[in-house]
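Student: Just so we're aligned, residue 5 is where the sequence shown starts under this note's numbering, counting upward by one.
Using N, Cα and C, we set each Cβ at its ideal position, and we do this for glycine too.
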Amino acid sequence: AYAHDFVTRLPEGYDTEIAEAGGSLSGGERQRLSIARALLKDAPILILDEPTSALDALSEERVFNALRRLREGRTTIVIAHRLSTVRDADRILVLDQGRVVAQGSHDELLDSSPLYRRMCARLSIGRSLDEPETVDELIQAGG
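1) Hey, L62 and I39: beta-carbon distance below 9 Å or not?
2) If you follow the alpha helix (DSSP H) that R103 is in, where does it begin and where does it stop?
3) What did DSSP end up calling I81 once you bin it into helix, strand or coil?
4) With 16 as the cutoff for other CB atoms within 10 Å, does L102 come out buried or exposed?
5) On the premise that V98 lies in contact with S117, defined as a C-beta separation below 8 Å, what is that separation, rounded to the nearest angstrom?
6) Apart from the five residues on each side of it in sequence, which residues of its chain come closer than 6 Å, Cβ to Cβ, to T138?
7) Quick one: any contact between the region 48–60 and the region 18–27, if contact means 3 or more CB pairs under 8 Å?
8) Over the uninterrupted beta strand (DSSP E) stretch that includes D100, give me the two end residues.
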């Protein structure tokens, strides 16, 4: 989970006590420790909620490689907004208004789901999925 470097820089290294809820760590450090714990637990089912959301691009790539190994042979449910996090999943569920509106691999969804294609296009140009898409949506959002 690429936690070793920052753990060895802690005052007592691996023996350092961490404040409740990891308050003394950055968001990325907490995420990497959580992933390391999951690796050690060797659970058959993993649920990862935005596993790389607090990481910079370099850390995200390293952690994602660790997650790729971690997921092998396990049922893994990943909740994510980043395309890079879900792109190589066996099955992606596309939600709209709390309902599953499409499912498939990344390539299948690009072929079959206009919503997924639109989401990918928005993310590839650096826009948030929450940003209004049209002038009408911008007006409705109060902008």
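Tutor: With the structure as the only source:
1) As a first step, residue 62 is located in the sequence shown; it is residue number 58 there, counting from the start. As a first step, residue 39 is located in the sequence shown; it is residue number 35 there, counting from the start. No.
2) Start at 1 with the first residue of the sequence shown, and residue 103 comes out as number 99. Premise fails: R103 lies in the beta strand (DSSP E), R103 to G108, not in any alpha helix (DSSP H).
3) For this step, residue 81 is matched to residue 77 along the sequence shown. Note: I81 maps to strand in three-state DSSP.
4) The residue labelled residue 102 in the question sits at position 98 within the sequence shown. In the sequence on display, residue 102 carries Gly and not Leu. The residue is exposed, with fewer than 16 neighbouring Cβ atoms inside 10 Å.
5) What you label residue 117 is simply residue 113 of the sequence shown in a count that begins at 1. What you label residue 98 is simply residue 94 of the sequence shown in a count that begins at 1. The Cβ separation is near 6 Å, so the contact holds.
6) Here residue 138 is taken as the residue at index 134 of the sequence shown, counted from 1. Its pLDDT being 49, under 50, T138 is placed unreliably by the model, and nothing is read from it.
7) These segments do not touch.
8) Residue 100 sits at position 96 when you count from the first residue of the sequence shown. The continuous beta strand (DSSP E) containing D100 extends over residues I96 to D100.
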